[in-house]
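Below you'll find the structure, written out as structure tokens, and then a few comments.
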């Protein structure tokens, strides 16, 4: 993640670490606090918080990291997680999973 | 999708490398746990060798408990996991009927959305109560608990009486195992009402926040001395329990404490009050910033570190009383130790994965609306119906489990997908609350590193495991769940 002084204010999230999906999810989570505009660029995604303070930008960057962690974890664990949730919901309905 | 360079493990490190999560209890001491929920205590200096799967991996205890990958009793470990997570196959067992939102107390931390005793239009009609009972009996769980709450449920005696009688008839006709429970402040209890409740095998629970001054400061009752009435009826029901001679079983009355800021410096007085009254269990229930408590948090709330300190001191004091022959246990510890030591599901809906929202419990509001849990019902009373899953008059039972709220809560509370939880040593015994996460942090999944409920539970687990590691205290705590073993 880089703050590029030569370009309009914003945060750049490198695709070597962050997926576009993570940035967009974070923007959605942030939508009630601050409008976040995202755009694809070579090598990653730029996110601009028009009225963003450094603190708010830091919080947004943390949220992107949070979302990326969840996506990475889902890749590893989604199969077993889905089995557990499906079993619990089916049992609640009275059906055997 | 982003990718990271893969790290290839050497064959040497793969052989014997165990699945462990670990937590530091002290600078030189760790607790390690694994997916089936076994635990062991390891000196911190031995962790690198354990994780690397070197020659020192296989102490007898670690081998027996499934901490060495190439020496697993897979069938045994699976059976342990199944037993500990048996609730996944059961469906909703707890059905909370909120008979009224009227209440004759004004508790500073009320989380039920209660209004005054004269509030209109918030009593559950008897017909709706019957429909709630019918709905509860559609649950596939072989054992149903119907718990009557409020406000103050005795303010709607007609509906309570009807629901109790109807539920007993339904249970007799169907052969289902039914437990009835009443949560009441006792202010309106009479001998006639008590007799009815006892005849119908209703277990009784009340709130007792400590000695009179503390209890009454938390639980304002315009009709008089709340503490005095609580004690009077606790003694009444205890006497009935102690003098029973066969027939319909009479349960010991229970009491629980809501810990507020006022409680934090008075653990001895509170525990002494429970001991004085002959109560054998005390539930040190932490306060959550939900409901009325949220608006008064600065006045009555605290953080996880403060609660953990109170909890540790309370456990120490209870254990010291045990050594003097006073038979008192802390209820949250009992439930968590059931999981840790006995590998059994204690039915603690706050601490399971996925949480009990809609799949372990349901809350029925006075108007017949059904919610994932009582906290979800309260969120609706505060203006957000996101946790509503149906209505007893219009919903089919299947609609509940397939509702958006049920699915979202189950997914959000699955610890396998929580970044902070999936590698936590306490994961096999813990759970998150989507309602708390939503109300406090703005999302069902929450953010555990900054989640005070997570910090609080970590504090409790840290305390329990530290004590279990200590030979004397460990044995004393284990005794609390000795008789729970089958």
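Protein chains in written order, with the numbering used here: chain A, 334 to 430; chain B, 13 to 498.
All C-beta atoms in this analysis are idealised placements derived from N, C-alpha and C, irrespective of residue type, glycine included.
No experiment lies behind these values; they were computed from the predicted model shown.
*Nearest to residue 316 of chain B (by Cα), restricted to the options B:307, B:298, B:327 and B:328*: B:298
_With DSSP as the reference, identify every bridge partner of residue 112 of chain B, one or two as the case may be._
B:135
*In the DSSP assignment, what residue or residues form a beta bridge with residue 404 of chain A?*
Looking at the DSSP assignment, residue 404 of chain A forms no beta bridge with any residue, so it has no partner.
_residue 417 of chain A - DSSP class collapsed to helix/strand/coil_ = helix
*On the premise that residue 159 of chain B lies in contact with residue 200 of chain B, defined as a C-beta separation below 8 Å, what is that separation, rounded to the nearest angstrom?*
That pair is no contact at about 18 Å.
*In chain order, what residues of the same chain have a beta carbon less than 6 Å from the beta carbon of residue 425 of chain B, not counting five sequence neighbours either side?*
Here residue 425 of chain B has 366, 367, 444 and 446 as same chain residues with Cβ atoms under 6 Å from its own Cβ, once five neighbours each way along the sequence are excluded.
*Residue range of the alpha helix (DSSP H) that residue 318 of chain B falls in?*
Taken as a continuous stretch (DSSP letters only), the alpha helix (DSSP H) holding residue 318 of chain B covers 316-335.
*Taking residue 389 of chain A as the query, report the chain B residues whose CB atoms sit under 8 Å from its CB, ordered along the chain.*
Here the premise fails: no neighbours, minimum Cβ distance about 15 Å.
*Report yes or no: do three or more beta-carbon pairs, one from the region 172-183 of chain B and one from the region 404-412 of chain B, lie closer than 8 Å?*
no
*Which residues in the same chain as residue 373 of chain A place their Cβ atom closer than 7 Å to its Cβ, once the five residues preceding and following it in sequence are excluded?*
353, listed in sequence order.
*Beta carbon proximity, residue 366 of chain A to chain B, threshold 7 Å*: no
*Are any of the Cβ atoms in chain A nearer than 7 Å to that of residue 403 of chain B?*
no
*Count the other C-beta atoms from every protein chain shown that fall within 10 angstroms of the C-beta of residue 265 of chain B, then say buried if there are 16 or more, exposed otherwise.*
buried
_Is any non-hydrogen atom of the ligand ZN found closer than 6 Å to the C-beta of residue 360 of chain A, if you look at the structure I gave you?_
The ligand ZN is absent from the structure shown, which contains no ligands of any kind.
*Interface residues of chain A around residue 574 of chain B at Cβ under 8 Å?*
What the structure shows of chain B is the stretch from 13 to 498, and residue 574 of chain B is not part of that stretch, so it cannot be assessed.
*Give the C-beta separation of residue 358 of chain B and residue 49 of chain B to the nearest angstrom, bearing in mind that I take them to be a contact with Cβ-Cβ under 8 Å.*
With a Cβ gap of about 13 Å, residue 358 of chain B and residue 49 of chain B do not count as contacting.
*Of all the options B:73, B:42, B:421 and B:51, which has the alpha carbon lying nearest to the alpha carbon of residue 58 of chain B?*
B:42
*Have a look at residue 491 of chain B and residue 342 of chain B and give me their C-alpha separation to the nearest angstrom.*
Spanning the two alpha carbons is a distance of roughly 12 Å.
*With 16 other Cβ atoms within 10 Å as the buried cut-off, status of residue 259 of chain B*: exposed
*Around the Cβ of residue 376 of chain A, are there at least 16 other Cβ atoms within 10 angstroms (buried) or fewer (exposed)?*
exposed
*What does residue 354 of chain B touch in chain A if you count any residue whose Cβ is under 9 Å from its own?*
What residue 354 of chain B touches in chain A: nothing, since even the nearest Cβ is about 22 Å away.
_For residue 236 of chain B and residue 414 of chain B, what's the separation of their Cα atoms in angstroms?_
For residue 236 of chain B and residue 414 of chain B, the distance between alpha carbons rounds to 47 Å.
_Same chain only: Cβ atoms within 8 Å of residue 292 of chain B, ignoring 5 sequence neighbours per side_ = Answer for residue 292 of chain B: 264, 339, 340 and 341, listed in chain order.
*For residue 356 of chain A, which residues from the same chain have a beta carbon less than 7 Å from its beta carbon, with the 5 sequence-adjacent residues on both sides left out?*
346, 371, 378, 380 and 397
*asked:* What does the Cβ neighbour count give for residue 157 of chain B, buried or exposed, with the cut at 16 atoms within 10 Å?
replied: buried
*residue 160 of chain B - partner residues in DSSP beta bridges*: Answer is B:109 and B:194, bridged to residue 160 of chain B.
_Separation of residue 210 of chain B from residue 449 of chain B, as counted between CA atoms_ = 39 Å
_Positions along the region 353-377 of chain B whose CB lies within less than 9 Å of some CB in chain A_ = Taking 9 Å as the Cβ-Cβ cut-off against chain A, the residues of the region 353-377 of chain B that qualify are 365, 366, 370, 371 and 372.
*From this set, B:324, B:119 and B:313, which residue's C-alpha is nearest residue 239 of chain B's C-alpha?*
B:119
*asked:* Does the contact criterion of 3 or more C-beta pairs under 8 Å hold for the region 426-438 of chain B versus the region 385-394 of chain B?
replied: no
*For residue 314 of chain B, collect the residues of the same chain with a Cβ closer than 7 Å to its Cβ; drop the 5 residues on either side in sequence, then sort them by chain order.*
273 and 276.
*For the region 234-295 of chain B, list the alpha helix (DSSP H) runs that are entirely contained and at least 4 residues long, ordered along the chain.*
238-254 and 279-288
*Identify the contact partners of residue 424 of chain A in chain B, using a Cβ-Cβ distance below 9 Å as the criterion.*
Near residue 424 of chain A (Cβ distances below 9 Å), the residues of chain B are 99, 100, 101, 102, 103, 152, 153, 371 and 413.
_Sub-7 Å separation of residue 493 of chain B and residue 354 of chain B beta-carbons_ = yes
*asked:* Looking at chain A, is there any beta carbon in it that lies within less than 7 Å of the beta carbon of residue 18 of chain B?
replied: For residue 18 of chain B, the predicted structure reports a pLDDT of 42, less than 50, and the residue's modelled location is therefore unreliable. A value from the coordinates is still provided. It does not: the Cβ of residue 18 of chain B has no partner Cβ on chain A nearer than 7 Å.
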